[in-house]
Structures are given as C-alpha cells and as structure tokens.
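Colleague:
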Amino acid sequence: MIRITEKEIQKYEIEHINEVRRMAPECTVLLKSDGTLPWRQKGEIALYGSGARKTIKGGTGSGDVNVRYFITVEEGLRNAGYKITSDQWLDNYDNIIINASKEFVDKNRNEAIAAGINPEFYMLGKALPEPEYTLPLDAKGEAAIYVVSRNSGEGADRESIEGDINLTSTEIRDILAANDKYENFVLVLNVGGMVNLEPVLKIKNILLLGQIGTPTGDVLADLLIGKSYPSGKLTMSWANIEDYPSTEGFGNPDDTIYREGIYVGYRFFDSMNLNPIYPFGYGLGYADFSITPNDFEIDGDMISLSVVVKNIGKVVGKEVVQVYYSAPEGKMEQPYQQLASFAKTKELEPNEEQEITVSFSVDTMASYDEEYATYILEQGDYLIRVGNHSRNTHICGILRLNQNITTQKLKNICPGWIFDEIKLEKRKFSYEKESKERSVAKVILLTPNQVTCQEKNYHDIPVELPQKDFCSWEEVKKHPEKLKNFVGNLTEEDLASLCVGSGAESTGELSSIIGNASEIVAGASGETTHRLSNQNVGALIMADGPAGIRISKKYKIIDGIAKACDDSPSVIMLDSEIKNEQNINVNEEKILQDENKFYQFCTAIPIGTCLAQSWNVQLCEKIGDLIGSEMEMFGINLWLAPAMNIQRSPLCGRNFEYYSEDPVISGMIAAAVTNGVQRHKGCGTTAKHFACNNQETNRYGSNSIVKERALREIYLKGFEICVRQSQPRSIMTSYNLINGKRTCNRTDLLTSVLRDEWGYEGIVVTDWFSTQRFLDDSKNKYAAGSSAGCVRAGNDITMPGSPWDRDDILDALRNTENNYPITKAHLQRCAMRILHCILFM
Ligand code: BGC
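Quick note, in the working numbering, the sequence shown goes up one by one and the last residue is 946.
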C-alpha cells in the first residue's frame with residue numbers, strides 16, 4: 106500500500122472540500138421565505154443558537170467521519186467577511202454547554218456503572234438534550250441568524266421532548282424575539298432530522314441547512330450572500346409526532362408492530378387528507394417555477410411524461426419534477442398517491458424554460474397480493490400526477506386497464522405474525538379540482554400484452570464442487586472461470602475462515618464497538634480473513650460511512666500492523682494500558698514530523714438525508730465518485746454505505762444516515778451513489794441494513810413485525826431498486842429480526858428474494874456482532890444470530906468475526922444437532938461469492 110505524504114493529502118483534500126461546497130447547496134431546503142434572501146451584502150451579523158459555534162457536520166457513531174478540517178457556522182460567516190457582533194453570547198453559551206455536557210456524562214456514567222454496563226457502550230448514540238438558559242439577545246446589527254442543532258446516532262432513538270424533537274422554551278423565546286428585533290432574520294436548522302417548528306412558524310425565514318459535511322459553515326455563507334441557492338426538497342414529511350401512525354408502539358424493546366402497513370409518511374398523510382407542517386417533497390428556492398405538462402405517452406411498458414419547467418422568478422434556480430401515481434382500489438387497498446419517479450432541472454435563468462421527461466415502467470405501480478404471492482396491476486384508472494411536493498400534484502394523464510395484469514409470480518416470504526393493520530378513514534379521490542383535471546387528462550389504454558409476467562425459479566440447495574484439478578490463485582486471476590477449481594480444493598477450515606471476518610484471527614484488542622478491526626487500514630471497521638494470504642489471496646477491507654469514509658486520521662505501523670493513534674472514539678475507548686504499551690498519545694501535535702506516523706484525512710460529505718434532499722441522482726453519483734477516489738487512495742474495498750432504511754418514524758436515532766420515508770427515492774439515490782463509487786477499481790458499496798432496521802432502541806434484539814405487502818412494497822423496495830440499478834458489491838444484513846427471525850439467518854430474504862428474485866450477484870455481510878454471545882443474555886427475548894445460520898441462509902460473511910463464529914460453522918458442518926446444519930456446498934457457495942468479489946476488486 107502507498108503511505109501518503111502530507112503534501113499529497115492537502116491537494117486532494119482541498120479539491121474535495123471545494124467539490125462538496127459546490128454541491129451541498131442542492132441538499133439544503135428553504136422551508137420559509139419572506140423574499141429577502143439572499144442578502145447579498147455582508148457586514149454586521151448577530152449570531153445565536155446551539156449550532157452557531159458547535160455546528161454539527163454529521164451524527165455520531167459509525168456514521169461519524171474523523172476529519173481534519175470542519176468549518177462551523179461561525180467560521181463560515183467570518184471566512185465570508187461577516188463581522189459577528191454576538192461574541193459575548195457565544196462565549197457564554199460555550200460555558201453553559203460545557204457544564205451541561207459534564208452533568209450529562211456524569212449522570213450517564215453513574216447509571217451505566219449502577220447497571221453494570223460499559224459506560225461508552227451505554228452512551229452510544231445518546232445526545233445531550235439542548236439545555237435551558239437565559240442570555241441577553243443584545244448584539245447589534247440589522248441581520249441575525251439563530252442556529253438550532255440536534256445530534257443523534259446509532260444505539261439510541263430520538264425523543265419527543267424539549268431539546269430533541271421539540272424546541273426548548275429558551276429556543277422558542279429567543280427565535281421569536283430575534284425575529285422581531287432584527288430586520289433580516291433566518292432560523293437555520295443544523296439538524297439531521299425533523300424538529301417540531303410549530304411554535305415558530307410565523308417567523309420570516311427558515312432554512313434547513315442540515316449536516317452537510319466538512320464545509321458546512323462556508324456553504325451557509327454562500328447561501329446567505331447569494332453565491333449559491335438552496336434547491337433541496339424534503340424526503341420525509343414533517344408533522345406533529347402524534348400524527349405519525351408509527352408513533353404508537355415505536356421503540357418497543359422486543360416487538361415493534363408495523364400496524365400502519367404501507368401507510369408510511371406521505372402515503373398516510375395524503376390518504377387522510379392531513380396537512381403536515383411541511384409535506385414530503387416540499388422546498389422553496391430563491392426563484393419560483395411553473396411546471397406545465399406537455400405530453401404523456403406509453404411505449405411498450407414504459408410510461409413517459411414530459412413537462413415544461415419555467416423559472417418565473419427573478420434569480421437563477423433549479424426545480425424538482427415529482428411524478429406520482431394513484432392506483433385504483435379493488436381487492437388491494439391503495440394510498441392516495443405514491444412516488445413513481447422524479448427529475449431535477451438544470452440551473453435555469455429567470456424566464457428560461459426546460460423540457461423534462463420523466464419515465465418509469467408500468468410495473469412500478471403493481472401491488473403485492475399476498476394471497477397469490479403475485480405482483481398485480483388491478484384494472485381501473487391509474488392517475489398519473491405531477492407536482493413539486495406531495496400536497497401539490499395535478500393529474501396529467503390516465504393509464505386505463507380493462508383487466509387485471511399479473512406482473513410477477515413469486516413466493517411468500519417472512520411468514521407473518523397475526524395482527525391487524527390500522528384501517529384508515531380515507532379521503533375520497535374525486536373532489537372538484539380532481540374531477541376537472543380527470544375530465545381533460547389524456548387517457549391511454551394499456552393492454553396486457555404490453556407487460557410480460559415474470560415467473561421466478563428458486564435455488565435454495567447448493568451443489569458441492571468436486572476437489573479436482575488444483576489451480577493457484579495466480580492462475581485464477583488470469584482465468585477467472587477456474588475459480589471453481591480453486592474453491593473445490595479449499596479445506597473445510599479455509600472455507601469456514603473465509604465466511605468469518607478476520608476478527609476470528611485477532612487477539613481481540615483491535616475490535617471495538619463501533620468498528621476498528623482492520624490490521625491493514627487503521628480505523629477501518631473490519632476485513633476478511635488473512636488465512637489465505639499464503640496463497641496470495643488478499644483481504645477485503647471495509648470502512649464505515651455514509652457521511653464520508655470513517656478511518657483513523659493518524660496511525661503508526663507497529664509490527665506490520667496499522668494502529669490508529671488519533672482522537673477518534675475507537676481509539677479513546679482503547680484500554681489505557683494498550684495505549685501506553687503502543688505509545689499512543691492522542692494529543693500529539695508534532696505528528697506530521699514523525700516518520701513512523703501516517704495520515705488518512707477523509708472528506709465529510711452531506712449526511713444521507715441531505716444527499717437525498719438534493720433529488721439529484723447525477724449529484725449523488727458525483728459524490729459516490731469522490732468517495733471512490735478516497736477509497737482507492739486509502740485502500741478501502743467496501744464502503745459500509747449507503748444506509749438505506751426507511752424513515753418510518755422521525756424518532757429513529759439513525760434517520761440522518763438514511764435517505765427517506767419513500768423507497769423509490771431511497772433506491773434511486775443509493776444506486777447513484779453506488780454507481781459513482783463502483784466506477785473505481787477495487788471499490789464497492791455495502792447497502793445496509795437489510796432490512797427493517799427502523800429503530801435503535803434495543804437494536805441488537807428488536808423484532809420488526811410487518812406484513813408481507815408492506816415489507817415488499819416499502820421496506821425492501823429501495824434495496825431492490827438499488828440492486829437492479831447498480832449491483833452493489835456487498836449488502837449488510839440488519840441486527841433486528843423480521844417476524845421473529847434474524848435477518849442474517851433468513852434464507853427467504855437472502856437467497857429467495859435477494860438473489861433468485863432480484864438477481865443479486867455480490868456478497869452479503871452481517872452487521873457487526875450480530876452473532877455475538879453477549880446478545881444471548883437473559884435480558885434479551887431473542888437469541889443472537891448464528892454464524893452457521895448465516896452460511897446456510899446466504900449471508901456470506903459474519904463480521905467482524907470471532908473464533909467462536911468459525912467454530913460454530915465447523916460444528917454445523919459436522920454435527921447435525923446444530924440448529925443450522927450446513928454442508929460443504931453451502932460453504933463453497935459463500936466462498937465462490939467472496940472470492941469472486943476479491944478477484945474483481
Ligand atoms: C453499525 C453499522 C456499521 C458497523 C461497523 C454497526 O454498529 O450498525 O452500520 O457499519 O457497526 O462499524
């Protein structure tokens with residue numbers, strides 16, 4: 106591996122930070138505007154709020170990135186030439202936070218000690234709720250900004266309390282007062298998910314800046330002075346927490362019942378005719394746009410809708426064209442409308458027009474009928490709608506079916522639990538405006554022969570490869586078709602080791618709760634076995650995301666092993682004896698002069714939600730490309746991203762890593778990011794967490810109880826789109842169970858659906874420690890996953906791996922009493938896929 110010098114690092118870092126700075130405005134959402142933005146002039150500015158100086162670039166946990174540079178809001182404004190007049194307020198706030206943090210940490214530490222839990226583990230994901238205080242808002246100037254921040258991360262969910270989902274009394278009081286006091290005022294949200302803005306909705310301007318990585322503060326300054334403009338749209342409905350049907354029962358430690366079925370997010374609000382505070386797809390710009398439908402056509406099974414978008418504002422901007430459909434209700438209940446596809450315009454000058462065509466295939470609109478295990482399009486009228494958010498759509502075409510059409514014949518999976526989904530008192534489709542639109546919309550008749558029905562074959566039982574014609578790895582590299590011979594000659598021990606991460610070979614000291622288990626790249630989350638290195642088979646190195654590449658900033662090579670020596674949480678958590686022994690001093694300043702130390706500075710990119718808010722697949726592909734180039738540079742093969750669970754409730758602590766409440770946008774964005782990363786030789790993504798990882802409370806042991814229609818149409822759909830459009834090299838199963846069984850042990854999910862139905866060709870890895878024995882304690886209702894069960898189900902690698910994972914696999918091979926008996930053929934099937942991945946990396 107090339108060890109990088111300080112100089113090289115600076116060059117690419119600057120390029121990448123500038124690239125993020127150029128792209129990030131598209132991820133920001135203007136929620137409210139009095140028309141005064143952008144301000145254009147700089148000058149004096151009063152800056153207040155939790156995120157002014159303590160700006161958050163991304164959440165905590167494995168989703169955090171260890172960066173060298175980060176520009177806070179305060180720094181960004183100063184860099185742009187603003188004179189900040191509220192230094193006193195900011196200094197006082199610092200003291201308040203220092204004390205509140207200390208109290209918070211002490212309280213949690215004591216609770217952890219009392220409960221006999223490792224304090225770091227106990228605090229994982231817990232964020233300090235914003236405290237209350239009184240500080241005068243007396244800074245001078247005509248313009249003011251108030252920055253609200255919120256943080257969250259893996260291990261804990263958010264709470265519907267003041268200081269988290271709700272604003273504190275202090276924030277409400279000060280935001281309203283600043284709005285009155287200063288002529289120009291913007292509330293800036295430096296948050297990773299929803300905050301309840303109801304008490305401050307009357308203020309002049311609200312900008313959802315989000316958490317957009319390294320240049321966050323510079324991006325805000327660019328937006329304020331009009332060097333750039335916001336053009337993002339929400340990918341989750343922002344409503345009162347009590348109004349989400351998922352709120353009831355959310356976060357139950359053992360069993361969480363998905364009673365709302367397919368009615369997630371706008372599918373619920375629109376069907377109930379409830380107005381969220383801000384609807385799905387909503388966002389203003391500095392400019393305004395008109396969207397005029399032009400043509401509606403069908404060619405074979407592809408529907409195309411063309412519209413003309415015109416900038417009717419006074420400044421440049423971009424608009425998102427969102428296409429929805431309303432399916433007719435027959436046997437299957439249907440939401441009011443569902444997103445079919447979308448597209449973003451180029452930058453449009455005032456008065457400039459662009460014709461945009463949005464296409465999608467007819468089977469996008471099919472529904473899963475559990476009774477017959479088929480996807481069907483029921484007869485009736487499919488209303489095709491276009492608009493710029495879910496509460497502003499217009500019928501622009503009708504697709505008429507005179508008979509039912511079956512689009513896929515499958516088999517049922519994840520046998521359900523008995524429970525009733527909620528029954529909605531839905532609004533009626535045909536009110537006046539819609540009747541008018543319907544009467545003039547172009548109608549196209551769809552005939553069944555335009556759609557081919559796909560019938561799937563399932564191959565659950567693998568066939569053993571014979572041990573003949575030995576072939577070296579060098580030969581396999583030249584003749585990949587000989588991989589079978591190579592695998593046929595591997596011993597059972599070799600095969601078992603391949604199916605377990607290299608943690609099975611380590612002394613244990615490298616592993617940490619949030620991933621630091623690679624010997625080759627310091628701070629990477631894990632790697633595959635080194636057992637075959639004597640045959641020249643390399644290991645796959647995996648590092649976290651999704652807000653950049655999460656590896657250590659600084660490291661040393663000790664006995665040939667890369668050891669992190671920076672201030673990242675995984676190093677801080679290392680035992681102090683180990684730190685002393687290895688001479689790791691995280692506060693060393695002179696590190697750049699030490700020949701024995703090396704650097705890996707990665708760029709923090711916008712968090713998952715912000716990327717999706719761009720509604721721009723080209724932009725997301727470019728971001729993927731940027732990540733791919735850093736992966737190549739630091740020797741990472743698999744990026745543990747994109748994270749693409751559905752934002753079922755705003756309370757999920759990891760929503761900021763995820764894209765949306767809607768599977769279509771999640772899938773399309775994930776595919777774009779993957780395509781960007783996988784353009785780079787040796788680099789692949791890991792779409793995670795497959796599937797239904799929608800809460801963090803008891804994340805290792807929670808059981809998501811969901812009916813198959815909702816499972817397929819909402820929770821699996823995004824992964825399906827990503828697999829079909831981009832073939833990510835890897836997929837990570839989730840910690841949770843689905844309907845009583847661990848996802849990593851589910852053959853129906855991992856083999857029948859993922860491979861047989863969707864044609865997935867890559868590898869599947871577990872989430873970290875899914876099979877760890879600490880999960881098997883008496884407090885947990887459900888037992889840990891089984892590594893043998895992983896092999897049997899088609900989850901190829903148990904990560905980060907431990908000796909007992911490998912032993913369990915060997916036991917399952919030899920002992921029919923094992924809960925998940927396996928054959929050598931099961932192991933060879935996984936080995937073929939893993940080695941295939943290594944070969945083409
Ligand atoms: C997280 C994953 C992450 C893994 C490796 C787990 O705790 O759930 O998202 O990729 O750790 O760090």
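For each residue, glycine too, the CB sits at the ideal point set by N, CA and C. This one's a predicted model, so the numbers in the text were calculated from it and none came from an experiment.
With DSSP run on the structure shown, which of helix, strand or coil describes K947?
Modeller: Coverage of the chain is limited to positions 106 through 946, which leaves residue 947 absent and any answer about it impossible.
Colleague: According to DSSP, simplified to helix, strand and coil, what is A667?
Modeller: strand
Colleague: By the three-class DSSP mapping on this structure, what secondary structure does P553 have?
Modeller: Helix, per DSSP.
Colleague: Can you tell me where the alpha helix (DSSP H) with K538 in it begins and where it stops?
Modeller: 537-545
Colleague: What are the start and end residues of each continuous beta strand (DSSP E) run of 3 or more residues lying completely inside the region 863-924, in chain order?
Modeller: 868-870
Colleague: With the cut-off set at 9 angstroms, would you say G315 and I751 are in Cβ contact?
Modeller: no
Colleague: Among the residues of its own chain, which have a CB less than 7 angstroms from the CB of G186, if the five just before and after it don't count?
Modeller: K147
Colleague: Alpha carbons only, please: which of Y763, T791, V605 is nearest the one belonging to E801?
Modeller: Taking only the C-alpha atoms, the option nearest E801 is Y763.
Colleague: Pull up the CB-CB distance for Y334 and V252, whole angstroms please, since I reckon it's below 8 angstroms.
Modeller: With 8 angstroms as the limit, Y334 and V252 do not qualify as a contact, their Cβ atoms being about 19 angstroms apart.
Colleague: Can you tell me which residues form a DSSP beta bridge with T165?
Modeller: Beta-bridge pairing links T165 to G258.
Colleague: In three-state terms, what does DSSP make of Q459?
Modeller: strand
Colleague: What residue does the alpha helix (DSSP H) around S831 start on, and which one ends it?
Modeller: According to the DSSP assignment, S831 belongs to the alpha helix (DSSP H) that extends over 822-831.
Colleague: Hey, how far is the Cα of D474 from the Cα of P350?
Modeller: 23 angstroms
Colleague: Quick one: is the Cβ of L504 within less than 8 angstroms of any heavy atom of the ligand BGC?
Modeller: no
Colleague: Taking the Cβ atom as the reference point for each residue, do I270 and I346 lie within a distance shorter than 9 angstroms?
Modeller: yes
Colleague: Under 8 angstroms: do the region 894-901 and the region 923-930 share three or more Cβ pairs, one atom per stretch?
Modeller: yes
Colleague: In the DSSP output, which residue or residues are listed as bridge partners for S409?
Modeller: E402, S464
Colleague: Out of F739, G606, E225, H794, point me to the one whose CA is closest to C788's CA.
Modeller: F739
Colleague: Does DSSP put F447 in a helix, a strand or coil?
Modeller: strand
Colleague: Where does the unbroken alpha helix (DSSP H) through D730 begin, and where does it stop?
Modeller: 722-739
Colleague: Compute the distance between the beta-carbons of I500 and A546, then report whether it is under 9 angstroms.
Modeller: Closer than 9 angstroms, so yes.
Colleague: Rounded to a whole number of angstroms, what is the C-alpha to C-alpha distance between V125 and V324?
Modeller: One C-alpha to the other measures close to 9 angstroms.
Colleague: With DSSP as the reference, please indicate the residues paired to D196 in a beta bridge.
Modeller: Per DSSP, none; premise fails for D196.
Colleague: Cα separation between I549 and D400?
Modeller: 12 angstroms
Colleague: With distances taken between CB atoms, is the gap from N808 to D360 smaller than 9 angstroms?
Modeller: yes
Colleague: Quick one: using the 10 Å Cβ neighbour count with 16 as the cut-off for buried, is A220 buried or exposed?
Modeller: exposed
Colleague: So, with DSSP's three-state summary, where would you put Q559?
Modeller: strand
Colleague: Which residue marks the beginning of the alpha helix (DSSP H) containing I277, and which one marks its end?
Modeller: 274-286
Colleague: Within the present structure, is the beta-carbon of S167 separated from the nearest heavy atom of the ligand BGC by less than 8 angstroms?
Modeller: yes
Colleague: Which residues in the same chain have their Cβ closer than 6 angstroms to the Cβ of I280, if we skip the five residues on either side of it in sequence?
Modeller: Y251, L292, V305
Colleague: Below 8 angstroms on the Cβ atoms is my guess for L272 versus V300; work out the distance and round it to an integer in Å.
Modeller: Indeed, because the Cβ distance is near 6 angstroms, the residues count as touching under 8 angstroms.
Colleague: Extract the residue ranges of the beta strand (DSSP E) inside the region 754-815, only unbroken runs of 3 or more that lie entirely within it.
Modeller: As far as the region 754-815 is concerned, its whole beta strand (DSSP E) runs of at least 3 residues are 789-795, 808-810.
Colleague: Rounding to the nearest angstrom, what Cα-Cα distance links D853 and K449 in this structure?
Modeller: 37 angstroms
Colleague: Starting from G492, follow its DSSP beta bridges and name the residues at the other end.
Modeller: Q427, T498
Colleague: Is A748 near the ligand BGC - that is, is its Cβ less than 8 angstroms away from at least one heavy atom of it?
Modeller: yes
Colleague: Hey, is M736 close to the ligand BGC, as in C-beta under 8 angstroms from one of its heavy atoms?
Modeller: no
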